[in-house]
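This report concerns only the one structure given below.
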Amino acid sequence: MKHWQIDQLPWDKFDPSRVDPQLVPAIKAAAVVERNSVDYAIYLNNVFHDDPDFKQAADHWAVEEIQHGDALGRWAMLADPEWNYQAAFQRYRDFYHIPLEVEESVRGSRTGELIARCMVETGTSSFYSALADATDEPVLKALCKQIAADEFRHFKLFYDHMHRYLKRERISTLQRARIALGRVTESEDDELASAYYTTNEPPSLPYDHNRCIAAYMSRAMKNYQPRHLRRVTSMVFKTIGLTPHSKIQDLAFFITEKLFFSRQRKFARMAGVS
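Counting from 1 along the sequence shown, just add 37 to a position and that's the residue number in this note's numbering.
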């Protein structure tokens, strides 16, 4: 069973006067990425083809992620009545594809795949937590709180299965760190840039990765506060097997905070977003 239903959100309290117009394009892009989890479920089912427990968990995860996309899409159509969520999602599906015909994880092991999934959930839980804190629009605030709670649960789901596979594959802390940090850097790949392009720019405008990733990231990253980044570093440390809430994590947080906000300012300059 889903933990909540879209119709349970306070849609009647939507307040257009409290919508940040700079945030709407990022919500549109996030909606289609969340909705596209159906493809990731196919990929995970192929990688874990002989693990019925995980396959069932992955299918349930996808159902919840799809609901996230549909709810975000519904909100974005309220914020921009001229935008069509379903049409934008189909355009995204036609434009961006992930490899589905696989038998093994692109991370080199099943443990590696689960580490990567933990990193994705770390990113999404922090993103929606930051949005919930940043927005004054009542419906978006309520929606982002619900999604963030789901994403924290999803992190635990993948984390628990990761430990199950660690007992078999025995990946070192260094290897885990490389996979985790490698997945973090992929946040600037074509998935989000393509999502921004297909939900916000006309087909007549040629796709440019640098333009689109800057437009998305500048809007998404500006909502973060230091406390969100501290939780990110804690979740990363937990995933790779290092002790969170330690002096080493304090140093990692200090470096992360400086790099993160420097990167956000760079993207904002590239995108011309204040």
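Glycine included, C-beta positions come from ideal geometry on N, C-alpha and C.
Keep in mind the model is a prediction, meaning the values are calculated, not measured.
Alpha carbon of residue i to alpha carbon of residue j, nearest angstrom
i	j	result
Ala312	Val100	No answer is possible for residue 312: the residues shown for the chain start at 38 and end at 311.
Leu60	Val310	11 Å
Pro263	Ala230	25 Å
Cys155	Phe192	5 Å
Leu81	Pro53	39 Å
Ala169	Pro175	9 Å
Pro243	Phe91	40 Å
Trp120	Phe126	11 Å
Lys284	Pro89	40 Å
Tyr129	Glu238	11 Å
Pro118	Pro47	18 Å
Same chain only: Cβ atoms within 7 Å of residue i, ignoring 5 sequence neighbours per side
i	result
Tyr308	Looking at the sequence provided, one finds Ala at residue 308 rather than Tyr. Correct list, in chain order: Ala251, Ala252 and Ser255.
Ile184	His105 and Tyr165
Phe290	Leu266, Arg267 and Thr270
Tyr202	Arg147, Thr148 and Leu151
Phe281	In the sequence as displayed, the identity of residue 281 is Pro instead of Phe. Here the set comprises Ser271, Phe274 and Lys275.
Ala153	Arg144, Ile216 and Arg220
Cβ neighbour criterion (16 or more within 10 Å) applied to residue i
i	result
Glu188	buried
Ala113	buried
Ala257	buried
Met38	Low local confidence applies: a pLDDT of 49 at Met38 is under 50, so the model's placement there is unreliable, with the coordinate-based value given in what follows. By the 10 Å Cβ count, Met38 comes out exposed.
Gln45	exposed
Gly145	exposed
Gly301	The amino acid at residue 301 is misidentified as Gly; the sequence shows Gln. The residue in question, Gln301, is buried, as its Cβ has 16 or more Cβ neighbours within 10 Å.
Val70	buried
Ser162	buried
Thr236	buried
Ser74	buried
Val19	Outside the modelled stretch of the chain, which goes from 38 to 311, sits residue 19, for which no answer is possible.
Arg72	buried
Ile64	buried
His314	Nothing about residue 314 can be read from this structure; the chain reaches only from 38 to 311.
Ile292	exposed
Ala124	exposed
Arg102	According to the sequence shown, residue 102 is Glu rather than Arg. With 16 or more Cβ atoms within 10 Å of its Cβ, Glu102 is classed as buried.
His198	buried
Sequence-distant residues of the same chain with beta carbon closer than 8 Å to residue i, five excluded per side
i	result
Gly278	Thr210 and Arg213
Ile43	Gln104, Asp107, Ala108 and Arg111
Glu140	Asn83, Val84 and His86
Short Cβ contact (8 Å threshold) for residue i with residue j
i	j	result
Leu115	Phe51	yes
Val157	Ala217	no
Ala179	Asn260	no
Tyr165	Thr276	no
Tyr133	Glu228	yes
Thr148	Glu206	yes
Tyr234	Pro62	no
Asp226	Arg55	no
Leu177	Trp98	no
Tyr122	Ala167	no
As assigned by DSSP and simplified to three states, the class of residue i
i	result
Gly145	coil
Val69	helix
Arg220	helix
Gly390	Examination of residue 390 is not possible in this model, given that the chain is present from 38 through 311 alone.
Lys193	helix
His134	coil
Asn260	coil
Phe85	coil
Asn247	helix
Met38	In this prediction, Met38 has a pLDDT of 49, which is less than 50 and means its spatial position is unreliable; what the coordinates show is noted afterwards. Met38: coil per DSSP, three-state reduction.
Phe51	coil
Gln123	helix
Ser62	What sits at residue 62 in the sequence shown is Pro, not Ser. It is helical.
Pro175	helix
Ile152	helix
His105	helix
Glu158	helix
His265	helix
Arg207	coil
Own chain partners of residue i with C-beta closer than 6 Å, once the 5 adjacent residues on each side are dropped
i	result
Pro136	none
Proximity test, Cβ basis, 8 Å: residue i and chain D
i	result
Ser224	Protein chains in the displayed structure number just one, and chain D is not present.
The ligand MN heavy atom lying under 7 Å from the CB of residue i
i	result
Pro118	As presented, the structure is devoid of all ligands, the ligand MN included, so that no description of it is given.
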